[in-house]
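Peer 1: Please find one structure pasted underneath; my questions will follow.
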Amino acid sequence: MNILVTGGAGYIGSHTVLELLTSGHNVVVLDNLCNASAESLKRVEQLTGKAVTFYKADIRDRAALDKVFKSHRIDAVIHFAGLKAVGESVAKPLDYYSVNVGGSVVLAQAMAQAGVTKLIFSSSATVYGEDAPVPYKETMPRGKTSNPYGTSKAMIEQILTDISIADPQWSVVLLRYFNPVGAHPSGQIGEDPQGIPNNLMPFIAQVAVGRRECLSIFGDDYDTEDGTCERDYVHVVDLAKGHVSALQATERSGTHIYNLGTGTGTSVKQMVEAFERVTGVTIPYQIAPRRAGDLPAFWADASKAGKELGWCAELGIEDMMRDTWRWQQNNPTGYSR
Ligand code: NAD
Ligand code: UDP
Numbered sequence: 022m023n024i025l026v027t028g029g030a031g032y033i034g035s036h037t038v039l040e041l042l043t044s045g046h047n048v049v050v051l052d053n054l055c056n057a058s059a060e061s062l063k064r065v066e067q068l069t070g071k072a073v074t075f076y077k078a079d080i081r082d083r084a085a086l087d088k089v090f091k092s093h094r095i096d097a098v099i100h101f102a103g104l105k106a107v108g109e110s111v112a113k114p115l116d117y118y119s120v121n122v123g124g125s126v127v128l129a130q131a132m133a134q135a136g137v138t139k140l141i142f143s144s145s146a147t148v149y150g151e152d153a154p155v156p157y158k159e160t161m162p163r164g165k166t167s168n169p170y171g172t173s174k175a176m177i178e179q180i181l182t183d184i185s186i187a188d189p190q191w192s193v194v195l196l197r198y199f200n201p202v203g204a205h206p207s208g209q210i211g212e213d214p215q216g217i218p219n220n221l222m223p224f225i226a227q228v229a230v231g232r233r234e235c236l237s238i239f240g241d242d243y244d245t246e247d248g249t250c251e252r253d254y255v256h257v258v259d260l261a262k263g264h265v266s267a268l269q270a271t272e273r274s275g276t277h278i279y280n281l282g283t284g285t286g287t288s289v290k291q292m293v294e295a296f297e298r299v300t301g302v303t304i305p306y307q308i309a310p311r312r313a314g315d316l317p318a319f320w321a322d323a324s325k326a327g328k329e330l331g332w333c334a335e336l337g338i339e340d341m342m343r344d345t346w347r348w349q350q351n352n353p354t355g356y357s358r
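My numbering puts the sequence shown at residues 22 to 358.
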């Protein structure tokens with residue numbers, strides 16, 4: 022298939038572009054590079070021996086989108102482009118609603134005009150909300166979100182669902198990611214956060230490589246086995262393969278929702294211990310106050326993706342640690358080295 026990947030230069034996007042190319046698909050990427058480097062796509066081309074057509078443009082730029090759809094016979098769109106920092110979304114809600122919600126609307130309008138009606142969207146486990154029981158199942162209703170980032174994902178899910186109800190030609194696949202971590206086993210592409218990382222895995226990796234002194238563990242007094250929060254960490258390569266598998270769901274009209282997770286929770290302390298065990302590097306840490314908005318524990322019921330898409334996560338926590346460390350050691354300052 023010919024696939025347009027928005028946000029394809031970013032962390033999950035670049036890994037997905039690689040898996041699409043190795044599965045025989047042709048890929049066009051649109052990304053404004055506000056949180057990515059074009060170097061990621063160069064490396065994907067080196068790793069696969071295949072070319073990627075790249076457009077540097079904003080997802081809200083309708084003329085740029087029209088040009089892409091006129092220049093290529095696109096069969097389906099995988100839509101990663103968006104802003105993703107929870108804390109920043111509280112401070113700058115308009116940016117998040119403009120890029121995430123506004124951008125998705127402009128993209129869907131351009132698709133409709135071009136007659137492209139297959140769309141896979143990067144949603145998040147955050148849409149289950151604060152009060153959902155674990156494990157999260159796709160049959161549960163969306164819950165109360167606690168920040169504009171999460172709300173933007175819930176709003177986009179609703180907008181895309183409404184489009185597929187209004188026009189039965191549309192097929193919308195909502196992929197709800199749990200906690201993506203890790204890097205491609207080549208050590209050539211990986212997560213390259215700007216500034217101080219918000220997320221646990223890149224923070225651990227930067228402490229290990231000497232860029233940060235000490236990890237702060239946000240709370241050890243939760244009602245969990247060791248008192249630290251539990252999350253469902255999923256290897257980014259498994260996640261990327263989930264998108265290739267999800268293309269088959271675009272053959273069916275309507276909206277299809279899938280959790281992409283492993284089905285297992287791992288605590289913050291277990292993550293630190295696993296990293297130390299796999300790499301032999303000690304991670305100094307301190308216990309800090311709880312982070313506002315963190316839930317104690319959640320993980321996926323990932324059985325629907327298994328049954329309907331034949332997808333399940335194959336890589337474990339130790340693979341995630343090994344591959345993160347290889348990427349971080351090869352690229353201590355990310356793509357800017
Ligand atoms: P990322 O920041 O690495 O990738 C997003 C990409 O979108 C970047 O390349 C960025 O340059 C691009 N982009 C941002 N605004 C744009 C705009 N206005 N126009 C064009 N391109 C734009 O993030 P990621 O971790 O790869 O996340 C990809 C998607 O998955 C996002 O939609 C994110 O919300 C979603 N998601 C991520 C996680 C996670 O933990 N990483 C979890 C759940 C959902
Ligand atoms: N966390 C932490 N220290 C950090 C970053 C994260 O203790 O520097 C914890 C955070 O409180 C949460 C877990 O690690 O319990 C995963 O956080 P992350 O931001 O990676 O993902 P989230 O689940 O919040 O999207």
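Even glycine gets a Cβ: it sits at the ideal position worked out from N, Cα and C.
(1) Does the beta-carbon of Glu212 have 16 or more other beta-carbons within 10 angstroms, so that it is buried, or is it exposed?
(2) For Asn220 versus Tyr254, is the C-beta spacing smaller than 8 Å?
(3) Do you know offhand how far Ile186's Cα is from Ala84's?
(4) Spell out the partners DSSP gives Ser143 in its beta bridges.
(5) Work out the CA separation of Val49 and Asn23 for me, nearest whole Å.
(6) So what does DSSP say about Arg358, is it helix, strand or coil?
(7) In terms of alpha-carbon separation, which member of Ala131, Val202, Ser119 lies closest to Tyr170?
(8) Output needed for His205: all residues of its chain with C-beta closer than 8 Å, excluding positions within five of it in sequence on either side, in chain order.
(9) The ligand UDP and Val230: does the residue's C-beta get closer than 7 Å to at least one heavy atom of that ligand?
(10) Sort Ala97, Lys88, Asp52, Lys105 by Cα distance to Asp79 and report the nearest one.
(11) Can you tell me the Cα-Cα spacing of Ile95 and Ser143, whole angstroms?
(12) Would you identify the three-state DSSP class for Tyr157, choosing helix, strand or coil?
(13) Got a sec? Which residues, its chain only, sit under 7 Å from Gly164 by beta carbon, not counting five neighbours each side?
(14) Have a look at Trp332, Tyr32, His277, Ala57 and flag the residue whose alpha-carbon is nearest the alpha-carbon of Thr182.
Peer 2: Once the coordinates are examined:
(1) Counted from its first residue, the sequence shown places residue 212 at position 191. Glu212 should be labelled buried.
(2) For the purposes of this step, residue 220 is taken as the residue at position 199 of the sequence shown. For the purposes of this step, residue 254 is taken as the residue at position 233 of the sequence shown. No; because the gap between Cβ atoms is not below 8 Å, this pair is not in contact.
(3) As a position in the sequence shown, residue 186 is number 165, starting the count at 1. As a position in the sequence shown, residue 84 is number 63, starting the count at 1. Inter-residue distance for Ile186 and Ala84 is about 27 Å (C-alpha atoms, whole angstroms).
(4) Position 122 of the sequence shown, counted from the first residue, corresponds to residue 143. Partner(s): Leu196.
(5) In the sequence shown, residue 23 corresponds to position 2, counting from 1. In the sequence shown, residue 49 corresponds to position 28, counting from 1. So the alpha carbons of these two residues sit roughly 8 Å apart.
(6) Here residue 358 refers to the residue found at position 337 of the sequence shown. Note that Arg358 has pLDDT 48, beneath the 50 cutoff, so the model's placement of it is unreliable and the number below is only indicative. Taken through DSSP and simplified to helix, strand or coil, Arg358 comes out as coil.
(7) Stepping through the sequence shown from its first residue, residue 170 is reached at position 149. Minimum Cα distance to Tyr170 is reached at Ser119.
(8) Within the sequence shown, numbered from 1, the residue matching residue 205 stands at position 184. Closer than 8 Å at Cβ, skipping near neighbours: His36, Leu39, Leu68, Gly211, Val257, Val258, Asp344, Trp348.
(9) Locating residue 230 in the sequence shown gives position 209, where the first residue counts as 1. Because no heavy atom of the ligand UDP lies under 7 Å away, the Cβ of Val230 does not count as near it: no.
(10) Numbered from 1 along the sequence shown, position 58 holds the residue referred to as residue 79. Closest option to Asp79, Cα to Cα, is Asp52.
(11) Taking the sequence shown and counting its residues from 1, one reaches residue 95 at position 74. Taking the sequence shown and counting its residues from 1, one reaches residue 143 at position 122. Their backbone Cα atoms lie some 19 Å apart in a straight line.
(12) Taking the first residue of the sequence shown as position 1, residue 157 is located at position 136. Note: Tyr157 maps to strand in three-state DSSP.
(13) The sequence position of residue 164 within the sequence shown is 143, counting from 1. Cβ within range, chain order: Tyr149, Gly150, Glu151, Asp152, Ala153.
(14) Numbered from 1 along the sequence shown, position 161 holds the residue referred to as residue 182. Nearest C-alpha to Thr182: His277.
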